[in-house]
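Undergrad:
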Amino acid sequence: MTSNVKLTACIIVQNEESHLPYCLASIQSIADEIIVVDTGSTDTTKQLAQQYHAKVYDFQWNDNFADARNYALEQATGEWILYIDADERLEDSGHAAIREAIEQEELLLLGLKVVNYYGHRPAQYERSNLLAQYRIFRRAKATFIGAIHEQLNFSVPLQAHQVKLLSSQLSHYGYLQERVLEKNKMNRNVNILLKEKARDKNNPWTDYFIANELNQLGEKVKAYEFVNLAITGFIAKQQLPPSLLYKLKYSIVIDLQQFEGIEQSIDLAIKIHPDFVDLYYYKGLIMKEQGRLDEAIIAFDQALLIGENNLQHLTLCGTGSFLSKFEKAVCLEQQGMQTSALLLIEEVLVQYSNYAPALVARERIKALYTTS
């Protein structure tokens, strides 16, 4: 690098031979130094890291991700730190923006657009969640806290001018079906979280993280119990529950098809987070499932009006665009307004030409015209 400002990428790993090379290749041209902390791999992870000229260190796993990340920070020599996981990749198009930002003396913390892909391979943008995450920081100013789902803890209060959200994109593949099926990791996470809960029963974030892991394991009923515990926990602390708790809650409600008394609840969530597009989309789905089609259409229209550019919320790709437009079309079709529905479906397919539900719906409606 021509700059005098040094950027160190820090990664903690265990048995990541199938993912790590892609991650390292994505950061090799931006990172001046790569630190890989291995917590007990039995595959070729460490050898692969060395092939990419990473500095590899062993760390005795102690069920604490923050400890492992802080150990990586201790080995780093860069002024700036990028922390990244083996199943993530930094897109090339954002490198210049990162390099420009770390040259600015007043900045302490940088955010990236994180795209979390889910479902089956190949990863596609229409099957993803979007969120801004702060992944780059000045090494001397912060450490990690939290045994799992660790967070940055700054030694000084941050001012607005010290934080910047970049357009640079980090792609995360950890929620793809093949990764989710690695249930040993999820069960490990639940066990760590239960230990955390035993140490601190009044931390609502722990309840949320337990709910999230249980949801991925398919234990929807238990997940619903824990996400409600998390929401009431924040309220007990006189804090507004973060939007991603409601996102998880209503996605579980839809999976379980348990709609009794839920309208008042989701309306309250919308009052708390009126700019969160996913809540309107979920409300629309709930109204549609109950046969309340006019109300569903109103909710989908509200989602389309908001759009999906607010990365302060964990947003499902499409809730402010093609997903809400498609679900509105389904409602119109059920109301006998096939022509209006077909026009909307064509708009969906302009945005995403291979969106399978829209393709099926288009053929279904066109068939009605040919047989009438």
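Counting in the working numbering, the final residue of the sequence shown is number 389, and the numbers go up one at a time with none missing. Beta carbons: idealized from backbone N, C-alpha and C, even for Gly. Predicted model, so just to flag it, every value in this text is computed and none were measured.
1. If I measure Cβ to Cβ from H36 and keep anything under 7 angstroms in the same chain, skipping five residues before and after, which residues do I get?
2. Shortest alpha-carbon distance to K23 belongs to which of L183, V54 and S46?
3. On a Cα-Cα basis, can you pick out the residue from Q329, G308 and V294 that is closest to D318?
4. Going straight from the alpha carbon of Y134 to that of N146, what length do you get?
5. Going by DSSP, what residues sit across from F161 in a beta bridge?
6. Along the chain, where does the alpha helix (DSSP H) containing Q281 start, and where does it finish?
7. Where do the N-terminal and C-terminal ends of the alpha helix (DSSP H) with S268 fall, by residue?
8. Which residue's Cα is closest to the Cα of G163: Q275, P174, N79 and I271?
9. Please state whether DSSP places H189 in a helix, a strand or coil.
10. Taking the alpha-carbon of V365 as reference, which of A384, Y100, M354 and G337 has the nearest alpha-carbon?
11. Let me know the secondary structure DSSP gives E33 once reduced to three states.
12. Whether or not the segment 289-306 and the segment 252-266 are in contact is what I'm after, with contact meaning three or more pairs of Cβ atoms, one per stretch, closer than 8 angstroms; do they touch?
13. List in chain order: all unbroken alpha helix (DSSP H) runs of 4+ residues lying wholly within the segment 21-78.
14. Among S341, F226, D311 and V367, whose alpha-carbon lies nearest the alpha-carbon of Q352?
15. Can you tell me which of Q68, V131 and I98 puts its alpha carbon nearest to the alpha carbon of D49?
16. Does the segment 173-185 come within contact of the segment 116-129, defined as at least 3 CB pairs closer than 8 angstroms?
17. Taking DSSP as the reference, what is the three-state secondary structure of R144?
18. Confirm, please, whether the CB-CB distance from A93 to T160 is below 7 angstroms.
19. Quick check on Y369: buried or exposed, where buried means 16 or more other Cβ atoms within 10 Å of its Cβ?
20. For K254, does the three-state DSSP call read helix, strand or coil?
21. In the structure shown, what three-state DSSP assignment does E105 receive?
22. Identify whether G353 lies in helix, strand or coil by the three-state DSSP scheme.
23. Quick one: is V365 near chain D, going by C-beta distance under 7 angstroms?
24. Considering only residues of the same chain and omitting the five flanking positions on each side of A140, which have a CB-CB separation below 8 angstroms?
25. Could you check how far apart the C-beta atoms of E230 and N206 are, in whole angstroms? I think they sit under 8 angstroms.
26. Tell me whether T387 sits in a helix, a strand or coil according to DSSP, three-state version.
27. Can you find the residues in the same chain that come closer than 6 angstroms, C-beta to C-beta, to L333, ignoring five residues on each side of it along the sequence?
TA: To lay it out plainly:
1. Residue 36 sits at position 19 when you count from the first residue of the sequence shown. If we look at H36 and ignore the five residues flanking it on each side, its Cβ neighbours are A103 and D104.
2. In the sequence shown, counting from the first residue as 1, residue 23 sits at position 6. It is S46.
3. The residue labelled residue 318 in the question sits at position 301 within the sequence shown. Nearest option by C-alpha distance: V294.
4. As a first step, residue 134 is located in the sequence shown; it is residue number 117 there, counting from the start. As a first step, residue 146 is located in the sequence shown; it is residue number 129 there, counting from the start. Y134 and N146: Cα-Cα distance of roughly 7 angstroms.
5. Translated into positions along the sequence shown, residue 161 becomes position 144. According to DSSP, F161 bridges with L169.
6. Translated into the one-based positions of the sequence shown, residue 281 becomes position 264. Start and end: I279 to I289.
7. Along the sequence shown, one-based indexing puts residue 268 at 251. Taken as a continuous stretch (DSSP letters only), the alpha helix (DSSP H) holding S268 covers S260 to L273.
8. Along the sequence shown, one-based indexing puts residue 163 at 146. Of the candidates Q275, P174, N79 and I271, the one whose C-alpha sits nearest the C-alpha of G163 is N79.
9. As a first step, residue 189 is located in the sequence shown; it is residue number 172 there, counting from the start. Of the three classes helix, strand and coil, the one that applies to H189 here is strand, per DSSP.
10. Locating residue 365 in the sequence shown gives position 348, where the first residue counts as 1. Comparing Cα-Cα distances from V365 to each of A384, Y100, M354 and G337, the minimum goes to G337.
11. For the purposes of this step, residue 33 is identified with residue 16 of the sequence shown, where counting begins at 1. Of the three classes helix, strand and coil, the one that applies to E33 here is coil, per DSSP.
12. yes
13. 37-44 and 62-68
14. To locate residue 352, count along the sequence shown from 1; it is residue 335. Among S341, F226, D311 and V367, the Cα nearest to that of Q352 belongs to D311.
15. Sequence index remark: in the sequence shown, residue 49 carries index 32 (1-based). The shortest Cα separation from D49 among Q68, V131 and I98 belongs to I98.
16. yes
17. Taking the first residue of the sequence shown as 1, we reach residue 144 at position 127. In the structure shown, R144 sits in coil (DSSP, three-state: anything other than H, G, I, E or B).
18. Against the sequence shown, residue 160 aligns to sequence position 143. Against the sequence shown, residue 93 aligns to sequence position 76. For T160 and A93, no; Cβs fall outside 7 angstroms.
19. Indexing the sequence shown from 1 puts residue 369 at position 352. With 16 or more other Cβ atoms within 10 Å, it is buried.
20. Position 237 of the sequence shown, counted from the start, is the residue given in the question as residue 254. Note: K254 maps to coil in three-state DSSP.
21. Taking the sequence shown and counting its residues from 1, one reaches residue 105 at position 88. Of the three classes helix, strand and coil, the one that applies to E105 here is strand, per DSSP.
22. Within the sequence shown, residue 353 is the residue found at index 336, counting from 1. The answer is coil: DSSP assigns G353 none of H, G, I, E or B.
23. Absent here is chain D; the protein component of the structure consists of one chain.
24. One-based indexing of the sequence shown puts residue 140 at position 123. So the qualifying residues of the chain are Y134, S188, Y190 and L193.
25. In the sequence shown, the residue the question calls residue 230 occupies position 213. In the sequence shown, the residue the question calls residue 206 occupies position 189. The pair is a contact, with the Cβ atoms about 5 angstroms apart (cut-off 8 angstroms).
26. Within the sequence shown, the letter at position 370 stands for residue 387. In this structure, T387 counts as helix in the three-state DSSP scheme.
27. Sequence index remark: in the sequence shown, residue 333 carries index 316 (1-based). Contacts found: N146 and D295.
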